[in-house]
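What follows is a set of notes on a single structure, which appears directly below.
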Amino acid sequence: MCPRFIARKQLESMRDHGYTLTSAFEFEFMLTDAESKQPLFSDHNLFSHYKFAPYEPFMYEFDSFLAGSGVDIESYQLEYSHGQFEVATNAASGIRTPDMGFILKEALKEICVQKHQRATFMTKPSATQFANGLHFNHSVFNLAGSNLFYDAESDSNLSDIARYWLAGLVAHAGALVAICSPTVNCYRRLHQPWTPGIANWAISDRMTCFRVKAKNEKRTYIENRIPGGSANPYLVVAATVAAGMDGVKRKLKCPVEKEDGAKRLPDTLSQALQELQSDVIMVEALGEQFVRWFVKVKTEVELEQLKDVDITKMDVEKERQLYFEML
Numbered sequence: 001m002c003p004r005f006i007a008r009k010q011l012e013s014m015r016d017h018g019y020t021l022t023s024a025f026e027f028e029f030m031l032t033d034a035e036s037k038q039p040l041f042s043d044h045n046l047f048s049h050y051k052f053a054p055y056e057p058f059m060y061e062f063d064s065f066l067a068g069s070g071v072d073i074e075s076y077q078l079e080y081s082h083g084q085f086e087v088a089t090n091a092a093s094g095i096r097t098p099d100m101g102f103i104l105k106e107a108l109k110e111i112c113v114q115k116h117q118r119a120t121f122m123t124k125p126s127a128t129q130f131a132n133g134l135h136f137n138h139s140v141f142n143l144a145g146s147n148l149f150y151d152a153e154s155d156s157n158l159s160d161i162a163r164y165w166l167a168g169l170v171a172h173a174g175a176l177v178a179i180c181s182p183t184v185n186c187y188r189r190l191h192q193p194w195t196p197g198i199a200n201w202a203i204s205d206r207m208t209c210f211r212v213k214a215k216n217e218k219r220t221y222i223e224n225r226i227p228g229g230s231a232n233p234y235l236v237v238a239a240t241v242a243a244g245m246d247g248v249k250r251k252l253k254c255p256v257e258k259e260d261g262a263k264r265l266p267d268t269l270s271q272a273l274q275e276l277q278s279d280v281i282m283v284e285a286l287g288e289q290f291v292r293w294f295v296k297v298k299t300e301v302e303l304e305q306l307k308d309v310d311i312t313k314m315d316v317e318k319e320r321q322l323y324f325e326m327l
């Protein structure tokens, strides 16, 4: 039931079919004071180089550690919310992407403790600020190194394999939500501006569940926008591959862009867990034992501890007590 083993198993299954996965993550997190747990800054500074400058020495130290640990970073930047940053990894093949993600998250939290700060990947630590996401960009290559999502002869530059893959993602979106938004708190993020609410896709549309970028062979990929900051990178990879490969193997018909009447994503963790349990294909791919224990822990620990929480209300204190330090 090791998340890394589950991800590796899905990637090995891809390879058995002649495919490899090239992917990257965009990690959003918040930096806070260690004692007060309040953000290090309290204004909106999206993409501001000037406001980023005071944190450059810290990020340089962090980046140096990551480079020495084999983690390849593409960019650092401020995000919109108070104390919020984004770190994007460069694209890598196979298991290396979630491996880099695991090291990144653990290293950041440990370095922050040494600096008398805290870093949290909790999806929505503040009811009044935008949430932390974990967008997952990915494409499928053949063993010769060609991007199989790209087709220059197609009007949209999307190949049949890309469309089959998208169909699989859309078909299993409910189960994907359980894995990619795995906490009670995550459902404060979904169904909000700039986050998914419907099981759909479109080219270059940030309001959809799966955003497609289709420019050329090197720049054609799918962005899974479901994952919240709390998600486990290994499980995001495993579930995304399981859903996409089902579409490829069964040659599922891809719905039209932003299809009318597309299914609404689960509104709560409880609903998402039900979707996962009822998705026979995803249960088989991820492993019946894993799904059983995943649901059991989520139900008997998190849902039980937070049974009085109403995610339509503004009070997140109980969720912070459970998730802030842990995530």
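Quick note: the sequence shown uses the UniProt record's numbering, first residue 1, plus one each step.
Even for Gly, the Cβ is constructed at its ideal location relative to N, Cα and C.
Item                                                                                                                    : Value
D160: first and last residue of the uninterrupted alpha helix (DSSP H) it sits in                                       : 160-171
Local conformation of S278 per DSSP, three classes                                                                      : helix
Rounded C-alpha distance that separates V301 from F290                                                                  : 16 Å
Boundaries (first-last residue) of the alpha helix (DSSP H) holding M245                                                : 233-250
Closer than 7 Å: A92 CB and nearest the ligand GDP heavy atom                                                           : Absence of the ligand GDP from the depicted structure is noted, as is the absence of any ligand whatsoever, leaving it without description.
Cutoff 6 Å; reference L108; Cβ partners in own chain excluding five residues on either side                             : A119
Cα-Cα separation between A243 and R163, rounded to whole angstroms                                                      : 13 Å
Distance between L322 and A127 (C-alpha atoms, nearest Å)                                                               : 15 Å
Counted within 10 angstroms of its Cβ, other Cβ atoms place Q192 as buried (16 or more) or exposed                      : exposed
Cut-off 6 Å between Cβ atoms - residues of its own chain near Q84, not counting five sequence neighbours on either side : M30
R206 (DSSP reduced to helix, strand or coil)                                                                            : coil
Same chain, Cβ closer than 8 Å to L303, neighbours up to 5 away in sequence not counted                                 : V184, L269, S270
Between the CA atoms of Y80 and K51 - distance to the nearest angstrom                                                  : 12 Å
Which of helix, strand or coil DSSP assigns to A95                                                                      : Checking the sequence shown, residue 95 turns out to be Ile, not Ala. Looking at I95 - three-state DSSP - the assignment turns out to be coil, as it is neither helix nor strand.
Closest residue to I73 among S23, V113, H82 (Cα-Cα distance)                                                            : S23
Proximity below 8 Å, CB of F25 to CB of F136                                                                            : yes
Counted within 10 angstroms of its Cβ, other Cβ atoms place Y187 as buried (16 or more) or exposed                      : buried
First through last residue of the beta strand (DSSP E) which encompasses M59                                            : Not the beta strand (DSSP E): M59 falls in the alpha helix (DSSP H), residues 56-68.
Residue from W201, L78, T123 with nearest C-alpha to E257                                                               : W201
Where the alpha helix (DSSP H) through A7 begins and ends                                                               : 3-16
Residue interval of the beta strand (DSSP E) (run including E134)                                                       : The displayed chain sequence assigns Leu, not Glu, to residue 134. Counting along the chain, the beta strand (DSSP E) containing L134 begins and ends at 134-142.
Residues near residue 334 in its chain [Cβ-Cβ closer than 6 Å; skip 5 each side]                                        : The first residue shown for the chain is 1 and the last is 327, placing residue 334 beyond what the model contains.
Proximity below 8 Å, CB of Y19 to CB of N142                                                                            : yes
Span separating the alpha-carbon of D160 from that of G145                                                              : 18 Å
Spatially closest choice to L21 from I222, L273, F102, by CA coordinates                                                : I222
Distance, D308 Cα to E319 Cα                                                                                            : 11 Å
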